Structures are given as C-alpha cells and as structure tokens.
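A quick write-up on the structure given underneath.
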Amino acid sequence: MPQPRVKLVVTGDDFGYCPRRNQGIVDGFQAGGISNVSLLVNASAAKDAADLAKRHNIPIGLHANLSEGVPVCPSLRTASTLVNQRGFFHGKMGFRQALQRGQLSVAEVPHSWCHATQ
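Here it is, written out as structure tokens:
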C-alpha cells in the first residue's frame, strides 16, 4: 500500500523584525527550507521585508501582533486598552497580566488589524 504524501509547511516567522532576520529568511526560502513568511507589519524592517517577498515571490501572510511595538493604526496609540500610556503594546508579559486582570477590551482587537491592510 502506498504511503500517504505529507507536505510540511515551514513559516519564516517575524519577517520584518530587522534586516538581518529578513535576509536569513530569504536565504532559507531560496534554499528550500522555508515555505512562506509571516510579516510583522509594525516592525522596523517591515517595508523592506514586503519588498523582498515581492522580489523573490515568497508567499506572505500576516503575523498578528498585539504584544510588541506600536499599533499600525494611529488612533489605537492613544485611546486603547491594548497599549500603555506611551502608545506601545504592553509587551508579552504585560499583555498577559492585563488580560488576566480584565483590563483589555477584546472588541478593540479587530481595529488593530483593519488599517494594516489599507
């Protein structure tokens, strides 16, 4: 009986985090070890990463991020439970703590993504 075919998908995570990580992910894709990437749209090298994905025909998806950096949507940087007083996301531990305390409004989550695609 023939064995079923299994396809392994390896996602290059945090694409856009920094130029060095971007290049490592592109190298991995070109070597055949990475299938696609998840773009961290609010990271410092996101524009460069998007350009690299387009140039090298790398399948790209959204890396949803509610814990690090600043929101892409400017209106969330001031009046949102998802950010601190300085307009930054709470960080991984801060996000977990605020969630446990009931200090986050889950209704704001879709608003943090809607402007990222515009």
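Using my numbering, read the sequence shown as starting at 914 and increasing by one per residue.
Backbone N, C-alpha and C fix where the C-beta goes; we use that ideal spot for every residue, glycine too.
These numbers were taken from a predicted model, which means no experiment stands behind them.
Shortest alpha-carbon distance to F928 belongs to which of G974, A992 and S993? Per the Cα distances, G974.
Start-to-end residues for the beta strand (DSSP E) that takes in I973: Looking at the DSSP string, the run of the beta strand (DSSP E) that includes I973 is I973 to L975.
Cutoff 8 angstroms; reference N997; Cβ partners in own chain excluding five residues on either side: Excluding sequence neighbours, N997 sits near H1003 and G1007.
Check whether the segment 918-932 touches the segment 955-975, counting contact only when three or more Cβ pairs, one atom from each stretch, lie closer than 8 angstroms. Touching, yes, given that three or more Cβ pairs across the two stretches are closer than 8 angstroms.
Out of curiosity, what's the CA-to-CA distance linking N970 and Q1010? Distance between the alpha carbons of N970 and Q1010 is about 39 angstroms.
Could you tell me whether the Cβ atoms of N1032 and A958 are closer together than 8 angstroms? Nothing can be reported for residue 1032: it is not among the residues displayed for the chain, which extend from 914 to 1031.
For V996, does the three-state DSSP call read helix, strand or coil? Here V996 sits in strand by DSSP.
Could you check the C-alpha separation between K1005 and G982 for me, to the nearest Å? Rounded to the nearest whole angstrom, the CA to CA distance from K1005 to G982 is 11 angstroms.
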